[in-house]
Amino acid sequence: MRGFPFTLWRFFGLDLLRLVVVSAAVLVTVIAFAGAIKPLSDGSLQASDAARYIFYAIPPMLAYALPFAGGFAATLVYHRIGTDLEAIAAYAGGISHRVLLAPALLVALLCSVTLVVLNEAVIPAFLRQMQVMVTVDVGRLLTNSVSRGQSLSLNDNKLMLIADSAREIAPEPGSGVLSRVFMTHFAAVEFDEGEPAREVTARNATMWILPAPDSSGTDHPRSAIYLRLEDVVAAQKGKGVAASRDHIDLGFPGPDIFNDNVKFLSWREMIALKDHPERMNWVDRRRVDLANVLAERHAVLSFQQQAAARGSFSMRDDRGREVVISCGSMSWKDDHWVLAPKSPGGEVEVRYTRSVALGADAAAGERVVPTVITAAYATLTNDLGPANMSRRTHFRLTLENAQTRAAGEPVVRGAARSTITLEDVTPGENLLDEYLKMHPRQLIEDARQFTDKPEPDPSVVGALRDCLGALDRLDNDIMSKLNERMALAASCIAMIMAGAVTALYLSRRQPLTVYLFSFFPALFTYVTISGGQQITTKQGEIGLLLMWSSVGVLLLYTLLVYLRLRRN
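Here it is as structure tokens:
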């Protein structure tokens, strides 16, 4: 044969392409509908949003439906060519098997390129929209509910929140806070078996929504809700008013949240992540944790140096006033720093200025009183606050067996002594703000000075391990997702060619029977690609061997069937 059978190619190719489109449309619609069933049954997706969710699911599901639809279409088209004796007529006319399979190869390449384009420009955006639809935005829901005069129920109606007014406030950059809401005349009611068990009311309340500490990088990340209440009255069922305090901090688990995932990114965006891993929120949470620990350790190093040089060090209270702490040394014990007196049997001394109201009426004003506290035992604890959202290192100073007196007054021997706590004291120099601007790799290098020594700092070791683990997992995620997309594109070619070759070889069998001979190898390929992707995410490059070997096995199967077809 001196020329190419363009008429035959056009006839077979258009027939195959039409059937691929029809098969893919039917299959992807069914898969997208099936994907909406679970979020509907879980209650994370409203029935009114189901159609929109299915629409968003169609492009992502094409990545899995197109290879199978192409294989099915190739099987039907080439089986018809074989049963109608068109293949035998082509052979008799001098057309080889390779030439007859050229339309299938062309359509297979077209489908493969389509998958590559979809994965780069379309599928990631639609996947993100799907995830956003089933993610609960507590801040937005609360402000919307309050504006309508309604309450907000969370955690399967076990917790109800209500307020007179609520407004969202932008979280500080780098704080890790997902949302922040300020409310007035706030009330929270906790239910037990449908009955109110506890309730809390407050004049003002600030709510922070953060990722739960144990959900970083998980498939279904959860949130944690923290509340700081002012002018609080708490009551419990059967006990009346249980407490009335100036302020109180509460925390409880929240609903699912949106979590960054490499599947929401294009090829170029994933490559860029290697230089900016902190763009993934679950990696950035580990970076912020490490930054907090390092800032606290460097602040304590400064305190130790000041104490060794002049016997005291300075901090600031919540109003920016100086707090001078006189001690001999500081040592780490359990989860806090122990402040030792300058001499055995001595005491730790704290000098600061406290405010004293001039009268019962707030309008009467207040006066400042220089105060001295002496204590036999003192500890300094890193206090991250109710939501770990500050850009400054905060400490809590606890003095036990302590005595308070105004500066200048004599020490009263045998006076009553108690435990005194100074909340929210901070270093004079703000190191945390600088650490929060640093790249994760820079923080890791800085942490080595605390870990590469005979007695590593356990807190720094833990934060460093978590940060390194997050970076390693991100590298594996990127590698697994890139290779999964390439393997699915390659499998599209293999599945279509397997269907076409098998249909010509088994042209005397029933069409569905013939399809099974290519469907099961194709199904094995898809399952193995998915399994290889999961193994790569958890264990690294070893999963790539499983992922790509499945594509190779399908191509080898297609080659063996083709050799038998050509021999006959």
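Position in the sequence shown counted from 1, then plus 460, gives you my numbering. From the three backbone atoms N, C-alpha and C, an ideal C-beta is built for every residue, glycine too.
- Residue pairing for residue 781: DSSP places it in no beta bridge.
- Within its own chain, the residues whose Cβ lies closer than 6 Å to the Cβ of residue 838, once the five positions on either side in sequence are excluded, are 799, 808 and 859, listed in chain order.
- Ranking 748, 505, 992 and 959 by CA distance to the CA of residue 897 puts 748 first.
- According to DSSP, residue pairing for residue 546 in a beta bridge does not occur.
- Of the candidates 811, 741, 904 and 886, 811 places its Cα closest to the Cα of residue 863.
- In this chain, residue 734 is not harboured by any beta strand (DSSP E), its DSSP state being neither H nor E.
- DSSP places residue 464 outside both helix and strand once states are collapsed to three, so it counts as coil.
- Approximately 16 Å separates the beta-carbon atoms of residue 689 and residue 669; this is outside 8 Å, ruling out the contact.
- Boundaries cannot be given for residue 898, as no alpha helix (DSSP H) includes it and DSSP labels it neither H nor E.
- Residue 965 and residue 986 have their C-alpha atoms roughly 23 Å apart.
- In terms of CA proximity to residue 970, 535 leads the group 535, 564 and 478.
- Leaving aside the five residues that flank residue 951 on each side, the residues in its chain whose CB is nearer than 6 Å to its CB run, in chain order, 527, 985 and 1011.
- Measuring C-alpha to C-alpha distances from residue 696 to each of 567, 650, 671 and 540 identifies 650 as the nearest.
- At least 8 Å separates the beta-carbon of residue 558 from that of residue 671.
- Secondary structure at residue 671: strand, using DSSP grouped into helix, strand and coil.
- Comparing alpha-carbon positions, the option among 899, 537 and 789 lying closest to residue 804 turns out to be 789.
- Separation of the CB atoms of residue 496 and residue 505 is rounded to 7 Å, and the pair is thereby assigned contact status at 8 Å.
- Setting aside the 5 residues that flank it on each side, residue 567 is surrounded in the same chain by 476 and 477, each with a C-beta closer than 6 Å to its C-beta; the list follows chain order.
- When DSSP states are grouped into helix, strand and coil, residue 766 belongs to the helix group.
- The beta-bridge partner set that DSSP reports for residue 796 consists of 793.
- In the DSSP assignment, the residues bridged to residue 661 are 647 and 693.
- DSSP places residue 600 inside the alpha helix (DSSP H), whose first and last residues are 598-607.
- In the three-state reduction of the DSSP assignment, residue 711 falls in the strand class.
- Here the C-alpha atom of residue 829 lies approximately 7 Å from the C-alpha atom of residue 866.
- For residue 766 and residue 773, the gap between their C-alpha atoms comes out near 5 Å.
- Counting only unbroken stretches of 4 or more residues, the alpha helix (DSSP H) elements lying wholly within the stretch 956-1006 are 971-999, in sequence order.
- With a threshold of 16 other beta carbon atoms within 10 Å, residue 833 meets it and is buried.
- Where residue 555 is concerned, there is no enclosing alpha helix (DSSP H), because DSSP gives it neither an H nor an E.
- The DSSP-derived three-state label of residue 630 is coil.
- Between residue 892 and residue 857, the gap from beta carbon to beta carbon reaches 8 Å or more.
- Annotation: the continuous beta strand (DSSP E) that includes residue 863 extends over 855-866.
- Nearest to residue 485 by alpha-carbon distance, out of 469, 522, 743 and 498, is 522.
- Non-local C-beta neighbours of residue 529 in its own chain, meaning closer than 7 Å and more than five positions away in sequence, comprise 480, 483, 484 and 487, ordered along the chain.
- For residue 887, the enclosing beta strand (DSSP E) has its first and last residue at 878-887.
- Residue environment analysis places residue 756 among the buried positions, since at least 16 neighbouring C-beta atoms fall within 10 angstroms of its C-beta.
- A contact between stretches requires three or more CB pairs, one per stretch, nearer than 8 Å, and the stretch 608-615 fails this requirement with the stretch 565-581.
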